[in-house]
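> What follows is a structure written as structure tokens; I'll ask about it next.
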Amino acid sequence: MNLVEDPVASRNACHWRLQVMADHTEEQVEAFVRIAVMSREAVWDCLETGALLEAGIASPAH
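One point on numbering: in our numbering, the residue at position 60 of the sequence shown is 1056, and numbering is uninterrupted.
Written as structure tokens, this is what we have:
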């Protein structure tokens, strides 16, 4: 997985570029999806509480 940031992604955004190969198992793909969903939910929780701003990890949206 590669992280894609500005200028390719919109400002204050990023994308994950994934490569799935024929030898990846269904279990590996399902594990990735579970981890990605948990990560997204954790970030949303931090954004809602302001934790990322307080830690200096994120900046306010413009």
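We put the CB at the ideal spot given by N, CA and C, even for glycine. The structure displayed is predicted, hence computed values, not measured ones.
Could you round the C-beta distance between Val1025 and Val1033 to whole angstroms and report it? I think they count as a contact, below 8 angstroms.
Actually they do not touch by this definition, with Cβ atoms about 13 angstroms apart.
> Quick check: His1011 and Ala1005, are their CB atoms within less than 8 angstroms of each other?
Yes.
> For Trp1040, list the residues DSSP reports as bridge partners.
Paired residues: none, contrary to the question.
> For Arg1013, which of helix, strand or coil comes out of DSSP?
The answer is strand: DSSP assigns Arg1013 an E or B state.
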